[in-house]
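Colleague: Structure below; questions to follow.
There are 2 protein chains.
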Amino acid sequence: MKTMGEGANGAPRRGAGRNGMAVPGVGLRDVAQAVGVSTATVSRAINRPEVVSVELRERIAAVIADLGWIPDGAARALTTGRSQTIGAVFPTLGLGDFPRAANAIQRHLLAQGYTLLLACSEYDPEQEFRQVRKFAERGVDGVILVGLAHHPDLVPFLQQRKLPFISSFVFDSARPGRCVGPDNHKALVRMTDYLAELGHVRFAVIAQETENNDRAGARLAGIRDALAMRGLAVRPQHLAIGTWTIEEGRKLFAQVMDTDPRPTAIVCGNAPLAVGAILEAAARGVRVPEDVSIVGYDDIEIMSHLPVPVTTVRVPGEEIGLRAARLILDLVGGREPDYPLESEAEIVVRASSGPPPGEGPASPRLHPAG
Amino acid sequence: MKTMGEGANGAPRRGAGRNGMAVPGVGLRDVAQAVGVSTATVSRAINRPEVVSVELRERIAAVIADLGWIPDGAARALTTGRSQTIGAVFPTLGLGDFPRAANAIQRHLLAQGYTLLLACSEYDPEQEFRQVRKFAERGVDGVILVGLAHHPDLVPFLQQRKLPFISSFVFDSARPGRCVGPDNHKALVRMTDYLAELGHVRFAVIAQETENNDRAGARLAGIRDALAMRGLAVRPQHLAIGTWTIEEGRKLFAQVMDTDPRPTAIVCGNAPLAVGAILEAAARGVRVPEDVSIVGYDDIEIMSHLPVPVTTVRVPGEEIGLRAARLILDLVGGREPDYPLESEAEIVVRASSGPPPGEGPASPRLHPAG
DNA sequence: TTGTAAGCGTTATCAA
DNA sequence: TTGATAACGCTTACAA
């Protein structure tokens, strides 16, 4: 068993350069050597500059730039126990506000010196869990999730490892401080109330599967609860569950419209479904909102540009992303958030919603799709 | 100076548990101790199982599962010099095929045990460079870029560090083996030829800024070259440059249509611009394709569902993502790719394109927008 | 303000 | 097939 002997002898410690990471062959030691100081000093110069004399600090900076040295994140993570890395798992990147939020998260993290690890669950809890495990392996300092419904082992896993995590795109007053987003239930209560006040009583819902999607579930519950307050309910044949494509929206729209009695208002659970519904209505010659009102969820750009602009719930994806990033960083840093975590989900009223057809002088209903 | 003394004495080496990474307090050593073997053996059991006796391998696996140990990526990266991590910088996640491709990359990387670091450049070369430097710091094993136009220092930076990198969403026969994607120039030559053969001679183009976007530049050049072959050119007032929103598409459509003579065919440089153009045409009562043909780029779902389905260039984003992932992994592993790197960009003809209005019996042109 | 040297949790090189 | 142990490149007490 021999001693470490490292600074002691200028031994055959490092040749021209091993590969390793950053710049092949240039490490902290080389910088230190070039400047003529110890590695500790160089390290301090980057991490706590105020503690190093100005003159030295500048000399060090010059050499670092000159050599093009970049600190090795792995080594740094190993010693500090922090990777300066946050993992986020989204259901998908191709839907609604997710890309916007991902972008915002990434931007804020970068500004704070953090890097985002991004993964998709494809609405599969197993896959989500797998991604999170991978993140843990990569040593992320925190995890951003979407929604509250996860693999049963996921939360215990995170807790056991003392990994801070938050849920985004949801707000649940029961879990303050760990959620950022809108209250999905409340948002759809409002939307439903809005339609009910317009006079609608026959509601149809076309939405995503709620199995592994608590947000979709909360929205559906919001509709039901708001209707129940008025003694109303969605007829079974007026409830159509599917995926999140325009194609699907067309299909489900057709499905709920081919019923008797027809609904007078259709609430769509996500943006593509709403787009599909609007487009299918146009294709079938169903007038919106004269024959039927259609409302959506998520105010993506197309919503306001369709031939019939769509009344929808505006979820501030950008804001949610920013707050999610701030919150997880605060949690990682052991700080208490002092900003609002619930995002207002605003109802944006556009041309696609109006009073039901039977309103006022009982006008004969058209059946252009028949 | 003292000796390492580690296995020698069961010294006060590790208490109940430091924080560090993975599971607080359980490391490779703990597993080894629990099984009653050396750390080396446990390490081998995970990395080269075939070299460890079956009996032992199983015992080790059991203990690992039991203790919930997850190898520390930082430590692993430090010793191996590989982080099992790939960085990708996209211009944005909210446009065309990027989300799809990102998704595909991520999926393939995960399947190979890699993790994706994702960042956005927002079409800013400075920001792209910054992101790449961050990646280098994190020790990524390879980098996926979009396009060929970058910050002048970017490629030298990558090369100096011997970091493998590829360009996606482009194909340039001059740089075989480092690009995956469609030949943007060729795609628009084809599209332009298609329109020219329909009889069009007055072309308008509404497209993105080409400053930091070689792909947009290549597409524009494709249009110009194809026209030049026929002795044609885009009139200055028929060239409108902007961003990538539906709103912008409407505006630019209006702009090029408010000219005299009007174009008979409008080529849009990206999907939102095309959507905007189609929608604005509808709003203005301009008939498509009777009054004007409109074609786009990127076959996102909405393209085929608009009131007038859009003729467009279908870029196989999923395929590009998958190939990008394979290619960068092959480069990292020192393998030669044996699969095609150029993706066919197919022209999908839909209702938005047809012969120019003046064709055949010189019919009087309508000016419904006037 | 700077230097010394002990780790951080793995992998990998020898030997056994 | 397994074990002992020296790195890996950095940060951080502790000393000076």
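Protein chains in written order, with the working numbering: chain U, 1 to 370; chain C, 371 to 740. Even for Gly, the Cβ is constructed at its ideal location relative to N, Cα and C. For clarity, every value in this text was computed on a predicted model and none was experimentally measured.
Alpha carbon to alpha carbon, what distance is there between Ala102 of chain U and Tyr667 of chain C?
Modeller: Those two C-alpha atoms are separated by around 24 Å.
Colleague: Quick one: does Ile397 of chain C have its CB under 8 Å from some CB of chain U?
Modeller: The question names Ile, but residue 397 of chain C is Gly in the sequence shown. By this cut-off, Gly397 of chain C is not an interface position.
Colleague: Leaving aside the five residues before and after Arg323 of chain U along the sequence, list all residues of the same chain whose C-beta is less than 6 Å from its C-beta, in chain order.
Modeller: Once the five neighbours on either side are set aside, the close Cβ partners of Arg323 of chain U are Val180.
Colleague: Using DSSP with H/G/I as helix, E/B as strand and the rest coil, what is Ile372 of chain U?
Modeller: Outside the shown range of chain U (1 to 370) lies residue 372 of chain U, about which nothing can therefore be said.
Colleague: Comparing alpha-carbon positions, which option in C:Gly728, C:Gly466, C:Arg452 lies nearest Leu699 of chain C?
Modeller: Nearest C-alpha to Leu699 of chain C: C:Arg452.
Colleague: Between Val683 of chain C and Ala557 of chain C, which are expected to be in contact by the criterion C-beta below 8 Å, what is the C-beta distance as a whole number of angstroms?
Modeller: Indeed, because the Cβ distance is near 5 Å, the residues count as touching under 8 Å.
Colleague: If you measure between the beta carbons of Arg219 of chain U and Asn184 of chain U, is that distance less than 8 Å?
Modeller: Their beta carbons are under 8 Å apart, which means Arg219 of chain U touches Asn184 of chain U by this criterion.
Colleague: Measuring CA to CA, which of U:Gly358, U:Glu319, U:Val348, U:Val332 is closest to Tyr339 of chain U?
Modeller: It is U:Glu319.
Colleague: Using a Cβ cut-off of 8 Å (strictly closer), state whether Met599 of chain C contacts chain U.
Modeller: By this cut-off, Met599 of chain C is not an interface position.
Colleague: Need the endpoints of the alpha helix (DSSP H) that Ser423 of chain C sits in, please.
Modeller: Neither: Ser423 of chain C is in no alpha helix (DSSP H) and is coded neither H nor E.
Colleague: Going by C-alpha distance, which of U:Pro357, U:Ile46, U:Ala345 is nearest Val189 of chain U?
Modeller: With distances taken between Cα atoms, Val189 of chain U lies closest to U:Ala345.
Colleague: Could you check the C-alpha separation between Ala274 of chain U and Ala325 of chain U for me, to the nearest Å?
Modeller: Between Ala274 of chain U and Ala325 of chain U, the C-alpha separation is close to 29 Å.
Colleague: So Gly720 of chain C packs on Ser674 of chain C, CB below 8 Å; how close in whole Å?
Modeller: Sequence inspection shows Arg at residue 720 of chain C; the Gly mentioned does not correspond to that position. Their Cβ separation, rounded to whole angstroms, is 7 Å, which keeps Arg720 of chain C and Ser674 of chain C in contact under 8 Å.
Colleague: Taking the alpha carbon of Asp494 of chain C as the reference point, which residue from C:Val422, C:Glu579, C:Pro469, C:Pro419 has its own alpha carbon closest?
Modeller: Answer by Cα proximity: C:Glu579.
Colleague: Give the secondary structure of Arg314 of chain U by DSSP, where H, G and I count as helix, E and B as strand, and everything else as coil.
Modeller: Correct three-state label for Arg314 of chain U: strand.
Colleague: Let me know the alpha helix (DSSP H) ranges lying completely inside the stretch 663-715 of chain C, each 4 residues or longer, listed in chain order.
Modeller: With a minimum length of 4 residues, the continuous alpha helix (DSSP H) runs that stay inside the stretch 663-715 of chain C are 687-702.
Colleague: Could you check how far apart the C-beta atoms of Gln106 of chain U and Leu117 of chain U are, in whole angstroms? I think they sit under 8 Å.
Modeller: About 10 Å; that fails the 8 Å criterion.
Colleague: Within 8 Å of any Cβ in chain C, is that where the Cβ of Ala271 of chain U sits?
Modeller: No - not a single Cβ of chain C is within 8 Å of the one on Ala271 of chain U.
Colleague: My output table needs one value for Leu158 of chain U: the three-state DSSP class, helix, strand or coil.
Modeller: In the structure shown, Leu158 of chain U sits in a helix (DSSP, three-state: H, G or I).
Colleague: Tell me the residue span of the beta strand (DSSP E) that contains Asp168 of chain U.
Modeller: First, the residue type needs correcting, since residue 168 of chain U is Ser and not Asp in the sequence shown. Here the beta strand (DSSP E) through Ser168 of chain U covers 165-168.
Colleague: Return no unless some Cβ of chain C is closer than 8 Å to the Cβ of Pro71 of chain U.
Modeller: Chain C contact via Cβ: present.
Colleague: Which residues in the same chain have their Cβ closer than 6 Å to the Cβ of Ala610 of chain C, if we skip the five residues on either side of it in sequence?
Modeller: Hits under 6 Å: Ile576, Leu622, Gln625, Val626.
Colleague: Leaving out the 5 sequence neighbours to the left and right, which residues in its chain are closer than 8 Å to Arg161 of chain U when beta-carbon positions are compared?
Modeller: Cβ neighbours of Arg161 of chain U beyond the five flanking positions: Ala136.
Colleague: Measure from the alpha carbon of Val201 of chain U to the alpha carbon of each residue in U:Arg175, U:Pro263, U:Ser173, U:Thr243, then state which is nearest.
Modeller: Nearest of U:Arg175, U:Pro263, U:Ser173, U:Thr243 to Val201 of chain U, Cα basis: U:Pro263.
Colleague: Going along chain U in order, which residues have a C-beta closer than 8 Å to the C-beta of Ile616 of chain C?
Modeller: What Ile616 of chain C touches in chain U: Glu301, Ile302, His305.
Colleague: Considering just the uninterrupted stretch of the alpha helix (DSSP H) at Ile46 of chain U, what are its terminal residues?
Modeller: Residues 39-47.
Colleague: For chain U, check one thing: does any of its Cβ atoms lie closer than 8 Å to the Cβ of Gln476 of chain C?
Modeller: Chain U, which has a Cβ nearer than 8 Å to the Cβ of Gln476 of chain C, makes this yes.
Colleague: Flag Phe621 of chain C as yes if its beta-carbon sits less than 8 Å from any beta-carbon of chain U, otherwise no.
Modeller: Sequence inspection shows Lys at residue 621 of chain C; the Phe mentioned does not correspond to that position. Closer than 8 Å: no.
Colleague: Which residue's Cα is closest to the Cα of Asp661 of chain C: C:Phe573, C:Gly703, C:Arg585?
Modeller: Looking at the Cα atoms, C:Phe573 is the closest of the given residues.
Colleague: Closer than 8 Å, CB to CB, is Cys268 of chain U near chain C or not?
Modeller: It does not; no Cβ of chain C falls within 8 Å.
Colleague: Taking 6 Å as the limit between beta carbons, can you name the residues of its chain near Val678 of chain C, skipping five residues before and five after?
Modeller: Around Val678 of chain C: Ile648, Val658, Ala721, Ser722.
Colleague: Put Val63 of chain U into one of helix, strand or coil per three-state DSSP.
Modeller: It is helical.
Colleague: Closer than 6 Å by C-beta to Val35 of chain U: which residues in its own chain qualify, once you throw out the five before and the five after it? Chain order, please.
Modeller: Closer than 6 Å at the Cβ level, and outside the excluded window around Val35 of chain U, lie Arg59, Ile60, Val63.
Colleague: Which bits of chain U does Ser453 of chain C rub up against, with CB to CB less than 9 Å?
Modeller: By Cβ distance, chain U contributes Met21, Gly73, Ala74, Arg138.
Colleague: Output the distance between the C-alpha atoms of Leu306 of chain U and Gly96 of chain U, rounded to the nearest integer angstrom.
Modeller: Their Cα atoms are separated by approximately 16 Å.
Colleague: What is the rounded straight-line gap between the Cα of Arg57 of chain U and the Cα of Leu448 of chain C?
Modeller: Roughly 27 Å between the two C-alpha positions.
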